[in-house]
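The structure under discussion appears below in the form of structure tokens.
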Amino acid sequence: MTTGQTPGRRARRYLITILAALLGASSMDFASAQEDADLKAFLTRVRSEDDNVRLAARDEALRIGVRAIDPLADLMLDTRRDVAITARWSIEKIVHHAGRPGGSEERGEVCAKLRGLLTPEATLLIKLEVLTWLGYIGGDRSVPVVARQLSDSNRHVRETARLTLERIPGRASIAALQTGLESAEESVKPRFLYSLGKNGSPDAVATIAKYAGEKTPPALRFEALECLARAGALEGVAHLEAALAKPSGMSPERLWGEYLRLADLIQDKVDAGKAAPLYRRALADAPHDYQREHALHRACPEGSLKSLNLLVASLGDASARVRKLATRRLRGLGGVGVVPALKKAYDDAPRALRSAVLLAMAKRDAKASRPLAEEAAEASDPALRVAALSILGRLNDPELEDTLLKVAGDGPAAVRSIAIDGVLGIAQAHAMAGRSGPAFAGFSRGLELAAASDAQRSRALAGVLSSGDKRAIDVAAERLADPVLAGEAARGVIDLALKIGKGGDAERSAKYLQKVASGRFAQDVVVAAMDAMIAIGRDPLAPLSRQGFVLRWQSTSPIRHRGADSFDHAHVPERQFTSKDGIDFQDFEIGPRRVIWREIRQLSSDGMLDLAPLFRRTSNVLIYTYVEIETPAAQDILFKIGSDDGMGCWLNGKPLKKNYVMRGFKLDEDIVPARLEKGTNKVLLKVLQGDGGWAFSFRVTDRDGKPIDLTRWKLH
Amino acid sequence: MRKKTSRRLFLKRSACLGGALALPAIFPDGILGQNAPNQKVRTGHIGLGGMGTGHLGFFKDYASALCDVDQAHLDRAASRIGRYVPKYKDFRRLLDQKDLDGVIIATPDHWHGIMCVLACEAGKDVYVQKPACKTIEEGRAMVDAARRNNRIVQVGSQGRSTSDAFKASQYINDGNIGKINHVECWHYNNPVGGFKPDGEPPSELDWDMWIGPNRYVPYNSERVHFNFRWLLDFGGGQIRDRGAHVFSVAFFVMQSDFTGPVSVDATGRPPEKGLWDCPTEMEIRYEFKNPDWVLTWTQPGPKELIKLGGFGARYHGDDGTLIVRGGDGGTHAEEKAKKYESPPGGYAPYRSPGHERNWVDCMISRKRPIMHIESGVRVASLCILGNLSYRLGRKLQWDPVAERVVGDEEANRFLAQPYRSPWRI
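Going down the list, the protein sequences come from chains R and U. Under the numbering used here, read the first sequence as residues 1 to 716, first letter to last. Under the numbering used here, read the second sequence as residues 1 to 425, first letter to last.
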């Protein structure tokens, strides 16, 4: 073969090739040395004492790349936390960069390097971090190494390895989880089932189904059933029904929860028709009212006539919650044909449910329901009769009182509220006729029966309070803890207790007033109760005043606050307080907002004044509070202040303490030594509020911490 | 002789009984009880730190169960209630309590999703603090659980319920500044923390339960309670803490509750020291399509905006701008929007009587609350994607319908988080 080159030319060519190779090698050596130097310099910067140098090094990590991982992993164990954290974040940067779209080659190298760090000798920190990183970018090749960590001696490593496998997609991780499941201890198996279920592939579901049979221990079996439900697997229906059919050691409530989950997924993703029988079964048998309500909600979508029979049947459910939903859906039915359908449902319905259907029909079409109502008004069933009479507007007949009370007590939910309205209407008629006894009895009974309607209860309570009956105060006092009626009840109690006190029975009056003054009511109610107590000679703040607490302050309304600088800013009260003239208690303006001075008072159980309920604006604000303490002689004392959040304190125009901090409330957290002069001492507090809770406490003790009895001093 | 009462007198006496007391009003513009619900609900409270205790102000009469993993929090909250209510350290026991109508979740962010889903499955309505979720998967599960179980779920971005957000929405949607092309959100920086050694948790705190579904980390006081928000794995910084407020108002104004951006590009400056890892400074650009507009988040924002307040948003329209400061309970629109009266037929935004009150009202009416879970999740998605783009160091193309990152497998792995056992969603 000839190349057409002369020997001389060939020799020259060889020479050039050799020279090029030598030059290349030396440039590679040079580059390699350069890279080593780069890496060294980079690591020096990671170890730097200078925060900014370390920060810049993180960005450099990308340039250095995979070579930096090993030495950085060593630095993650550095005793200087800043260095360790810089190293950790530098690796994470490299990992994320390798994980970018199009970075597959680099990703492979980084994963290989990370896998190399997962040696048996590696520390817990390294193992946990590396596993997490492999979860971000690892693929099939990383799975075996991760799977090995499933048998690590440390439980956190084992758990993190499972989570990593859950995160890595692909068949290799499924296979590893399946192997892990088989070899895991019994107590840990459910975790593996769950990880497999998250994957949702047919392979995984088939594995899970193997554990759903009766022979599997209950905890593991339940996990398998839950996973099948979460996967929306049709085969789960039979398994769940088998588990529900006989005692299995699993909680029936939880099984029903999974049954409904599966029904929902089948309805949404497989075939709505196949879900319908599951909901019917749940409606009949699920133990919790919310589970039956769930089934009804899903089986009977709003406005659908198809589910009419199921809705009517649900009117007879034992739970008010289910009946309520059925009634709402029944009344919300729309479209052509709804009235005939309701008529038919009325004819077909069991006697006990007819009243609800009749009312639903009247709501849809009053005219069409009238003939049926006329007929039902003569019915022997009291509930049906009451429903019919309400449709016909003939419910205010006093002779109906017994019937109404009966239906109000044990009638169907849909009619009960109508009957209570009737009871209250008749009580009102008694009151207007001056028959206070029957009026009180009617309103009290109405109050007891109207559990489901706050409007009715409120009306009943108002009737009780205005009935003039002496038992009214006890009825109202029983409602002081009522979530809805408490305010109305408290006002009524104050009014009636004052009358009792002024009538000469201060003891009994104070008992009622104390309940209100110490309760969590609106500030105006609390203050009114306290004033009423003072009016009858009982100061409710005295016990806490004896422990040195000041619970009565002049306070500004909230002032907007925007960070530490703003907290330091001296607003009008602070400027006035530190000036010669002192505070003038005039309202003032900050920007468009008016700030006003008012008194705040609270009867607290532990000396804490809870500010959050006192103001509408309760985030990023501050208030000033002011009190004057008159002492008989000069005295060294301690102010003990608790605050949520920060606080500032001044005495007689001079600053004592400022603490800008976001914190929860703790009694006596700041202890401030001070000297009270003989005569009037003026105290100003500034209480900061970031977000959430807002409170403060203030008390005076002697220098040994013993509370000073402030009832012996004058406070203004 | 019996004294007869006239109908008029009767009504006067029964309706105005309180009037006879002539009670003095203490704070006419800030009196307590004005927001108090007038319908009966029973609430369970999970998480009783700052926000959780704050909720007790509104729900004080309704609270029927308390739960916290920190006994000190639990005891403090119980003392604030001032009456007996059951106390739990495990929220699952609280969910077992049958008489509760709803639960208020005010835990660190990493618990919101699981608790919300389990509460829905236990038949409770939910008020969950913002940001709604920690991952996209959690968000979907929360929406799904609310829908499947027919639950009312309100997310605690209360800025929407303020009158200024209402006014701003009317002002902008009535076209006063033209078509909006840019919503410029700003905030001050995240803080830089220090180090404290890892150690044993205090005896009153169940640390394992506090970590919950997150991967295990040793106890450190720099992680726990309020500080969680400065850690990417637990909170996620101001963009989650306050961004969830500002974005919520922005979505309310832009009527974007059911969509999301098509791209997200974030850069940031990590803290130069300390355990906390949320970026101190941050810039994010979100692009929306159909209609086309851009939302940006800058931390710190421009000086002229920071001067107005720590955070907020400036709406740039073709014909002008509108600034809405804040975004939480303190949301303040410019005067021109505050004074604006919408003409007949003008835009009518959702009007809420107060955020917590709105939730209670909706529990009773079964209507959609103002910050329903779907919207809460969409808002939280902005925070999640912003932090993700920062963390991965690259721009993300987002499919707001499929809720997946386009062409980026690593980013998609972040959309769900494997939970420690026994937690699941």
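Built from N, CA and C at the ideal position, the CB exists for glycine as well. Small disclaimer: the values here were computed from a predicted structure and weren't measured.
{"query": "Would you list the one or two residues that DSSP bridges to Ile-629/R?", "result": "Asn-681/R, Leu-715/R"}
{"query": "In the DSSP assignment, find the alpha helix (DSSP H) that holds Leu-424/R and state where it starts and stops.", "result": "413-432"}
{"query": "Find the nearest neighbour of Val-262/U within the set Trp-230/U, Arg-285/U, Glu-272/U, Ala-250/U, judged by alpha-carbon distance.", "result": "Arg-285/U"}
{"query": "Out of Met-209/U, Pro-202/U, Ala-145/U, which has the shortest C-alpha to C-alpha gap to Tyr-419/U?", "result": "Met-209/U"}
{"query": "What does a CB cutoff of less than 6 angstroms around Ser-390/R pick up in its chain, not counting 5 residues either side in sequence?", "result": "Ile-418"}
{"query": "What's the call for Ala-387/R, buried or exposed, on a 16-neighbour Cβ count within 10 Å?", "result": "buried"}
{"query": "With which residues is Phe-549/R paired in a DSSP beta bridge?", "result": "Arg-699/R"}
{"query": "How many angstroms separate the CA atom of Cys-227/R from the CA atom of Leu-296/R?", "result": "24 angstroms"}
{"query": "Below 9 angstroms between beta carbons is the criterion; list the residues of the segment 267-278 of chain U that meet it against any residue of chain R, in chain order.", "result": "Arg-269, Pro-270, Pro-271, Glu-272, Lys-273, Gly-274, Leu-275, Asp-277"}
{"query": "Counting along the chain, where does the beta strand (DSSP E) carrying Glu-184/U start and finish?", "result": "180-187"}
{"query": "Check each candidate in Leu-392/R, Cys-111/R, Arg-364/R, Ala-362/R and name the one with the smallest Cα separation from Glu-374/R.", "result": "Leu-392/R"}
{"query": "For Glu-60/R, return the contacting residues in chain U, with the cut-off set at a CB-CB distance below 8 angstroms.", "result": "The premise fails here: Glu-60/R is roughly 13 angstroms from chain U at the closest Cβ pair, so nothing lies under 8 angstroms."}
{"query": "Within the same chain, show all residues whose beta-carbon is closer than 7 angstroms to that of Ala-22/U, passing over the 5 residues directly before and after it, in chain order.", "result": "Unreliable placement is indicated for Ala-22/U, whose pLDDT of 31 sits below 50; the coordinate value is still reported in the next sentence. Cβ within range, chain order: n/a, list empty."}
{"query": "State yes or no: is the C-beta of Leu-715/R within less than 7 angstroms of the C-beta of Ile-583/R?", "result": "no"}
{"query": "Considering just the uninterrupted stretch of the alpha helix (DSSP H) at Gly-139/U, what are its terminal residues?", "result": "136-148"}
{"query": "Taking the straight line between their C-alpha atoms, what separation do you get for Asp-74/R and Arg-167/R?", "result": "26 angstroms"}
{"query": "Taking contact to mean 3 or more Cβ pairs, one atom from each stretch, closer than 8 angstroms, check whether the segment 281-290 of chain R and the segment 250-263 of chain R are in contact.", "result": "yes"}
{"query": "Let me know the secondary structure DSSP gives Gly-487/R once reduced to three states.", "result": "helix"}
{"query": "Do we get a CB-CB distance below 7 angstroms when we pair Ile-174/R with the residues of chain U?", "result": "no"}
{"query": "Our contact map puts Arg-45/R next to Glu-35/R with C-beta atoms below 8 angstroms; I'd like the distance itself, whole angstroms only.", "result": "In fact, because the Cβ distance is near 15 angstroms, the residues do not count as touching under 8 angstroms."}
{"query": "Taking beta-carbon pairs under 8 angstroms, can you tell me which members of the segment 121-146 of chain R lie near chain A?", "result": "Here the protein chains are R and U, and chain A is not one of them."}
{"query": "Hey, how far is the Cα of Gly-113/U from the Cα of Glu-106/R?", "result": "35 angstroms"}
{"query": "How would you call Leu-15/R, buried or exposed, if buried means at least 16 neighbouring beta carbons within 10 angstroms?", "result": "exposed"}
{"query": "Rank Gly-47/U, Lys-179/U, Pro-270/U, Arg-147/U by C-alpha distance to the C-alpha of Ala-57/R and give the top, closest one.", "result": "Pro-270/U"}
{"query": "Closer than 6 angstroms: is that where the CB of Asn-214/U sits relative to any heavy atom of the ligand NAD?", "result": "Looking at this structure, you won't find the ligand NAD or any other ligand, since it has none at all."}
{"query": "What is the C-beta distance between Gly-49/U and Gly-303/R, in whole angstroms, given that I count them as a contact (C-beta under 8 angstroms)?", "result": "Actually they do not touch by this definition, with Cβ atoms about 43 angstroms apart."}
{"query": "Any beta-carbon of chain U closer than 7 angstroms to the one on Arg-167/R?", "result": "yes"}
{"query": "Looking at chain R, which residues of the segment 379-401 of chain U have a Cβ within less than 8 angstroms of any of its Cβ atoms?", "result": "Arg-391, Leu-392, Gly-393, Arg-394"}
{"query": "Can you tell which of Ala-65/U, Asn-150/U, Gly-139/U has the C-alpha that lies nearest to the C-alpha of Val-765/R?", "result": "There is no way to answer for residue 765/R, as the model of chain R reaches only from 1 to 716."}
{"query": "Would you call the segment 70-87 of chain U in contact with the segment 155-174 of chain U, where contact means no fewer than 3 C-beta pairs closer than 8 angstroms?", "result": "no"}
{"query": "Give me the Cβ distance between Val-516/R and Leu-480/R, rounded to the nearest whole Å; I'm assuming they're in contact under 8 angstroms.", "result": "7 angstroms"}
{"query": "Under 7 angstroms between the Cβ atoms of Ala-250/U and Cys-383/U?", "result": "no"}
{"query": "Is the separation between the beta-carbon of Ala-326/R and that of Ser-314/R shorter than 7 angstroms?", "result": "yes"}
{"query": "Among Tyr-315/U, Gly-407/U, Arg-394/U, which residue has its Cα nearest to the Cα of His-96/R?", "result": "Arg-394/U"}
{"query": "I want to verify the contact list: residues of chain R whose CB lies under 7 angstroms from the CB of Asp-328/U, in sequence order.", "result": "Ser-619"}
{"query": "Using a Cβ-Cβ cut-off of less than 8 angstroms, give me the residues of the segment 520-552 of chain R that come near chain U, in sequence order.", "result": "Arg-520, Phe-521, Ala-522, Gln-523, Asp-524, Val-525, Val-527, Ala-528"}
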